[in-house]
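Trainee: Below is one structure. I have some questions about it.
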Amino acid sequence: MSVRVVLAGVPGMYRSASSRLGALEGWRVLAVAATCLALATLRAGGRPRVQNALRHFAFSAWLAARYDAPIASAITDQHERHSRQPLDSAADQRNNEVGRHHGLRHPETSAGTPVAIWRLLRVGHDEWRAGRLWAVRHGAVVASA
968 MSVRVVLAGV
978 PGMYRSASSR
988 LGALEGWRVL
998 AVAATCLALA
1008 TLRAGGRPRV
1018 QNALRHFAFS
1028 AWLAARYDAP
1038 IASAITDQHE
1048 RHSRQPLDSA
1058 ADQRNNEVGR
1068 HHGLRHPETS
1078 AGTPVAIWRL
1088 LRVGHDEWRA
1098 GRLWAVRHGA
1108 VVASA
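So for the sequence shown, the numbering used here puts the first residue at 968; every next one is plus one.
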């Protein structure tokens, strides 16, 4: 994952969030996205595929829990529009969907604190180990386990 690719989606993600939720919430969405990125790196223990899956799961779960599924989809879809890697984007979209479903079932996860995000990442890691998240391996999108 390139930092340039991650950052390329930030302006669109902010526009998508702020147009639906207002400027303050747009900034909150970006702050939580950054928190997910930083903490997923720690939770994944240096494994890039795991880190990417956890980041997408946790961010989408938080968005769906805090707002709703259509807003979560709109924001994460906007981010994926900047992807230059169709397989990676396909895996991300699947992980976003798993995260949205979790967030809708667990609205208590909508606190935007690092502790709440860390807990979502733990759930995501459990999902990874259970084979319910997705990654790109050997030129294909495959289940995590």
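Yeah, the Cβ is synthetic: ideal placement off N, Cα and C, and Gly gets one too.
1) From Arg-1048 to Gly-976, what does the alpha carbon distance come to, in whole angstroms?
2) With respect to the alpha helix (DSSP H) encompassing Ala-1102, which residues constitute its N-terminal and C-terminal limits?
3) Take the Cβ of Gln-1018 as the centre, count every other Cβ of all protein chains shown within 10 Å, and call the residue buried at 16 or more, exposed below.
4) Buried or exposed: Arg-1065, going by 16 or more other Cβ atoms within 10 Å of its Cβ?
5) Taking only runs that begin and end inside the region 1009 to 1042, name each unbroken alpha helix (DSSP H) of 4 or more residues, in chain order.
6) Are there any heavy atoms of the ligand ZN lying less than 8 Å away from the beta-carbon of Leu-997, as far as the coordinates show?
7) Grouping DSSP H, G and I as helix and E and B as strand, with all else coil, what is Ala-1078?
8) Roughly how many angstroms lie between the CA atoms of Tyr-981 and Phe-1026, to the nearest whole one?
9) Would you mind working out which of Asp-1044, Glu-1075, Ala-1036, Ala-1011 sits nearest Arg-1096, comparing C-alpha positions?
Mentor: Considering the structure as presented:
1) Against the sequence shown, residue 1048 aligns to sequence position 81. Against the sequence shown, residue 976 aligns to sequence position 9. Using only the alpha carbons, I get a separation of about 8 Å.
2) For the purposes of this step, residue 1102 is taken as the residue at position 135 of the sequence shown. Counting along the chain, Ala-1102 falls outside any alpha helix (DSSP H), though it belongs to the beta strand (DSSP E) covering 1101 to 1104.
3) Taking the sequence shown and counting its residues from 1, the one referred to as residue 1018 is at position 51. Buried, by the Cβ-count rule.
4) Reading the sequence shown from its first residue, position 98 is the one you call residue 1065. Checking the sequence, you will find Val at residue 1065 rather than Arg. By the neighbour-count rule (16 or more Cβ atoms within 10 Å), Val-1065 is buried.
5) 1015 to 1033
6) With respect to the ligand ZN, the structure offers nothing, as it holds no ligand at all.
7) Counting from one through the sequence shown, the residue named residue 1078 turns up at place 111. Coil.
8) Counting from 1 along the sequence shown, the entry for residue 981 is found at position 14. Counting from 1 along the sequence shown, the entry for residue 1026 is found at position 59. Rounded to whole angstroms, Tyr-981 to Phe-1026 spans 14 Å at the Cα level.
9) Mapped onto the sequence shown, residue 1096 falls at position 129. The shortest C-alpha separation from Arg-1096 is found at Ala-1011.
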